[in-house]
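Structure first, commentary second.
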Amino acid sequence: MATVPMDQRDGWIWYNGEMVPWKDAKLHVLTHGLHYASSVFEGQRAYGGEVFKLREHTERLIFSGKTLDFTIPYSADEIDDACRQVLAKNDLVDAYMRPVAWRGSETLSVPARDNKVHLAIAAWVWPSYFSTEERLKGIRLCWADWKRPSPETIPCKAKAAGLYMICTLSKHTAMDKGYADALMLDYRGYVAEATGANVFFVKGKEITTPTPDCFLDGITRRTLIGLAKANGYTVTERHIKPEELAEFDECFLTGTAAEVTPVSEVGEYKFTPADACRTLVEAYMSEVQPKQAAAE
65 MATVPMDQRD GWIWYNGEMV PWKDAKLHVL THGLHYASSV FEGQRAYGGE
115 VFKLREHTER LIFSGKTLDF TIPYSADEID DACRQVLAKN DLVDAYMRPV
165 AWRGSETLSV PARDNKVHLA IAAWVWPSYF STEERLKGIR LCWADWKRPS
215 PETIPCKAKA AGLYMICTLS KHTAMDKGYA DALMLDYRGY VAEATGANVF
265 FVKGKEITTP TPDCFLDGIT RRTLIGLAKA NGYTVTERHI KPEELAEFDE
315 CFLTGTAAEV TPVSEVGEYK FTPADACRTL VEAYMSEVQP KQAAAE
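Here the working numbering runs 64 ahead of the position in the sequence shown, where the first position is 1.
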């Protein structure tokens with residue numbers, strides 16, 4: 065299905081403190097962030113007019129910038145307010161939102177501490193990452209060729225643009241093979257994550273998920289751990305060998321875009337979405353909806 069290119073849409077984008085028409089939110093081709101990946105971002109969703117865990121996303125954005133050795137020139141309160149302005153200006157209630165910060169075009173070399181740091185925030189209607197049909201039957205994943213690197217080689221706790229290069233490559237290969245996504249191992253050979261989502265495995269009332277010591281500890285991931293415990297599941301975070309997948313009955317992914325997405329297949333391993341997936345999909349969707357005032 066044809067879609068309107070991202071740079072040709074109508075609407076408004078918050079850009080360095082001002083609302084600018086969507087099509088005018090541009091930057092120069094010699095921007096440092098484009099050439100050297102000095103860029104960080106967030107993916108967050110609004111439900112019922114409120115961004116779920118907005119402050120956590122904003123704080124991670126600021127942290128990611130500092131990890132890449134730059135300071136975003138806005139406070140957390142200012143960024144939160146800007147996000148709300150974007151929703152209101154674009155008349156959005158349920159939406160995906162993308163704040164992004166990057167080094168500008170003052171110089172183009174590896175060192176760039178004097179380059180201006182820019183911040184933009186956009187939002188648009190973007191339904192669940194996977195289609196309803198895929199979600200109900202569980203999506204199919206293949207094994208990625210690329211591995212999550214050692215934390216000694218990348219700033220793995222930052223949501224940095226450059227870290228997604230191997231995710232794009234892995235996702236493209238998976239789609240070319242007829243899969244919805246790919247599951248990545250880490251540099252030691254343990255199960256890590258999908259290309260844009262964390263992964264969980266279920267056996268009865270026990271849930272196991274990889275320890276996020278070389279990849280992002282997702283905000284949705286942490287939310288699901290809390291929801292799972294509240295619904296009577298035990299949750300263990302540990303290193304998981306690929307061959308251990310044969311021991312689990314259910315599997316699902318979590319992320320802002322993916323929300324909670326059941327998995328039916330990872331390479332040679334098969335899963336059947338059942339009680340845990342249904343319970344946690346419903347629990348998450350209930351959790352993200354704005355809570356009504358008691359008087360209502």
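No residue lacks a Cβ here, since even glycine has one placed at the ideal position from N, Cα and C.
The C-beta distance from residue 297 to residue 340 rounds to 7 Å, short enough to meet the 8 Å contact threshold. Annotation for residue 310: 333 place their beta carbon closer than 8 Å to its own, counting only its chain and skipping 5 residues before and after.
Beta bridge pairing from DSSP links residue 182 with 166.
Sixteen is the threshold: since fewer than 16 other Cβ atoms of the shown chains lie within 10 Å of the Cβ of residue 200, the residue is exposed. Secondary structure of residue 127 (DSSP, three-state): helix.
Runs of the beta strand (DSSP E) lying entirely within the region 236-311 and spanning at least 3 residues, in chain order: 245-250, 255-258, 262-267, 270-274 and 298-302. Exclusion of the five residues before and after residue 203 leaves 194, 244, 245, 325, 327 and 328 as the residues of its chain whose Cβ lies within less than 7 Å of its Cβ. For residue 342, the three-state secondary structure derived from DSSP is helix.
Beta-bridge partners of residue 110 (DSSP): 115 and 159. For residue 330, the closest alpha carbon among the candidates 280, 249, 321 and 342 is that of 249. Residue range 314-319 is occupied by the beta strand (DSSP E) that includes residue 317. The DSSP-derived three-state label of residue 206 is strand. Here DSSP, grouped into helix, strand and coil, assigns residue 187 to strand. Using a Cβ-Cβ distance cut-off of 8 Å, the region 142-162 and the region 92-101 are not in contact, since fewer than three pairs of beta carbons, one from each stretch, lie closer than that value.
The beta carbon of residue 192 is closer than 7 Å to those of 199 and 323 in its chain, skipping five residues each way along the sequence. Between residue 150 and residue 128, the C-beta spacing is not below 8 Å. Comparing C-alpha distances from residue 281 to each of 219, 189, 348 and 174 shows the shortest one belongs to 219. One thing to note: residue 160 has its Cβ within 8 Å of the Cβ of residue 107. Fewer than three pairs of CB atoms, one per stretch, sit closer than 8 Å, so the region 203-216 makes no contact with the region 114-122. Across the structure, residue 173 and residue 225 are spaced so that their CA atoms are roughly 18 Å apart.
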